[in-house]
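In this note's numbering, the protein residues as written are 22 to 201. Glycine included, every Cβ here is placed at the ideal spot set by N, Cα and C. Okay, structure first, notes after.
Here it is, written out as structure tokens:
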């Protein structure tokens with residue numbers, strides 16, 4: 022179960038709308054959706070929480086690149102919605118590394134087509150790549166500093182009440198609750 026909402030800052034304060042992420046396949050799609058919520062290029066926050074396990078904040082300021090914060094990267098990685106936020110850049114990965122194969126490093130002994138032992142070595146327990154995703158926050162922890170939620174406060178938020186706490190600090194509790 023997940024909840025996602027857009028908070029758009031306007032002259033009159035914050036406006037909230039719930040959003041469906043089923044048609045969002047990438048961070049670019051999410052940024053486009055957020056920009057549509059604010060035709061004046063004002064700040065838009067996309068707030069996402071999943072089953073009280075993790076939360077994420079995406080901040081869009083006009084045409085600037087989205088800024089992202091995710092409370093628990095490993096938990097988010099197990100979610101299709103979290104995967105949208107966990108870009109290679111955010112995780113400190115080289116996006117071109119997967120495209121380049123060093124043929125000298127491959128063990129081509131003829132067992133490539135289904136050697137179960139080799140496959141097990143490449144996968145961890147839940148079937149994902151052995152490349153580790155941290156069980157910690159990732160992204161821009163200062164994403165909300167100028168809006169009243171400092172880095173220390175953001176890092177201390179629990180996933181089960183984080184969005185409410187953020188909305189309260191922004192003065193947007195009532196508008197967020199109307200879409201919840």
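The beta carbon of residue 100 is closer than 6 Å to those of 71 in its chain, skipping five residues each way along the sequence.
Runs of beta strand (DSSP E) with 3 or more residues, each lying fully within the stretch 71-99, are found at 75-82 and 88-91, listed in chain order. Taking C-beta atoms as the reference points, residue 93 and residue 162 fail to come closer than 9 Å. Inter-residue distance for residue 80 and residue 22 is about 22 Å (C-alpha atoms, whole angstroms). It is roughly 5 Å from the alpha-carbon of residue 98 to the alpha-carbon of residue 104. Looking from the CA of residue 113, the closest CA among 86, 96, 160 and 165 belongs to 160. The Cβ atoms of residue 67 and residue 25 lie closer than 9 Å to each other.
By the beta-carbon neighbour count (other beta carbons within 10 angstroms, threshold 16), residue 153 is exposed. For residue 63, same chain residues with a beta-carbon under 7 Å away, outside a window of 5 residues either side, are 29, 30 and 31 in chain order. Within the stretch 50-74, complete beta strand (DSSP E) segments of at least 3 residues are found at 64-71, given in chain order. The continuous beta strand (DSSP E) containing residue 31 extends over residues 23-31.
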